[in-house]
């Protein structure tokens, strides 16, 4: 019989002796196919733009919910602002173009109320009294506040008590101040006339004298209003760099030169703020006059705000009073715009929003 062929014991490339695939001697790296993850963990989201489980599906939905929550919290304040500020302003503006007594139906008159104001001697007197009051009160309050602030900007004994006593009149309401000084300046039984009698001076009319009433009201306002200027100036003086003051003194500058060349330039922004604040306060004075003189005697203390109140709630010409109120509002806007323009054009002024 023919001899059997010998088995070829050579191993083919890529095969084992048993005919299977070759064995690997090193571990195969662990790779996971798409959609798979480590056992025991939740599958990851393979799409970066897709939403994560348990979270809002889109950022827009989350933003809408946050906006709704925010509006739910601020809606009471918004309603109050709309009801007590914006709506009355718009309504009074429309009222200034009407002849209305707030009782019977009114009629549209256009600019007739404003034309009547130009020819009204009572309104002209109110404007003059307001300008005199503001022209005296504003510079005197700034000057008095600066002088007292410089005096109180020292380390002396009981300085905290002195500062408190200066500021206390500011927190007293104008109505309480009016009642207090009404009794002090009473022509018959007031303390002021009693002191003048002991000094041998004849009795004065004070608030019942047309030549004295307005100036006494300015003095009463200064007694209470200077405290605010003192506090603001005192805070500004304490922010003046001490290095500049010490350098100036080392160079031989006296106190007057330090005040003029270092302290006052540093107080310029504060002075502009106080100027606008005190001007608005002076143009809006009402409660002190209402409690003390009620515009008298002989209209010598009638200011614009009291004129508006008198026309609207005593004469029942609400449209005419609203027109006078908007003349005052226009004056306040002009004053504010002028001061803002001055701050922008002043050499060395910092732009809006910049830190000085």
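In this note's numbering, the protein residues as written are 58 to 413.
Glycine residues also receive a C-beta, built at the ideal position from the N, C-alpha and C atoms.
Supposed close pair residue i, residue j - CB separation, criterion 8 Å
| i | j | result |
| --- | --- | --- |
| residue 198 | residue 283 | 5 Å |
| residue 287 | residue 206 | 5 Å |
| residue 340 | residue 187 | 6 Å |
| residue 253 | residue 261 | 7 Å |
| residue 271 | residue 349 | No, residue 271 and residue 349 are not in contact; Cβ-Cβ is about 11 Å, not under 8 Å. |
| residue 319 | residue 291 | No, residue 319 and residue 291 are not in contact; Cβ-Cβ is about 16 Å, not under 8 Å. |
| residue 264 | residue 227 | Actually they are not in contact, since the Cβ atoms of residue 264 and residue 227 sit about 22 Å apart, beyond 8 Å. |
Under the three-state DSSP convention, the category residue i falls into
| i | result |
| --- | --- |
| residue 117 | helix |
| residue 397 | helix |
| residue 310 | coil |
| residue 402 | helix |
| residue 164 | strand |
| residue 137 | helix |
| residue 260 | coil |
| residue 155 | strand |
| residue 213 | coil |
| residue 245 | coil |
| residue 322 | helix |
| residue 356 | coil |
| residue 373 | coil |
| residue 145 | helix |
| residue 266 | coil |
Sequence-distant residues of the same chain with beta carbon closer than 7 Å to residue i, five excluded per side
| i | result |
| --- | --- |
| residue 381 | 174, 180, 361, 364, 365 and 368 |
| residue 219 | 209 |
| residue 345 | 231, 234, 235, 274, 277 and 278 |
| residue 267 | 354, 355 and 357 |
Contacting residues, own chain, Cβ-Cβ under 6 Å from residue i (five flanking each side not counted)
| i | result |
| --- | --- |
| residue 324 | 293 |
| residue 159 | 375 |
| residue 248 | 241 |
Sequence-distant residues of the same chain with beta carbon closer than 8 Å to residue i, five excluded per side
| i | result |
| --- | --- |
| residue 166 | 154, 155, 156 and 376 |
| residue 225 | 284 |
Enclosing alpha helix (DSSP H) for residue i [first to last residue]
| i | result |
| --- | --- |
| residue 238 | 231-241 |
| residue 180 | 178-209 |
| residue 325 | 325-340 |
| residue 288 | 270-295 |
| residue 216 | 216-228 |
| residue 344 | 344-349 |
| residue 251 | 248-255 |
| residue 368 | 361-370 |
Any non-hydrogen atom of the ligand ADP within 8 Å of residue i CB
| i | result |
| --- | --- |
| residue 312 | Looking at this structure, you won't find the ligand ADP or any other ligand, since it has none at all. |
Open item on the list: Quick check: the region 276-286 against the region 386-404, are at least 3 beta-carbon pairs closer than 8 Å?
Closed with: no
- [ ] Give a yes or no on contact between the region 330-337 and the region 187-196, applying the rule of three or more CB pairs nearer than 8 Å.
- [x] yes
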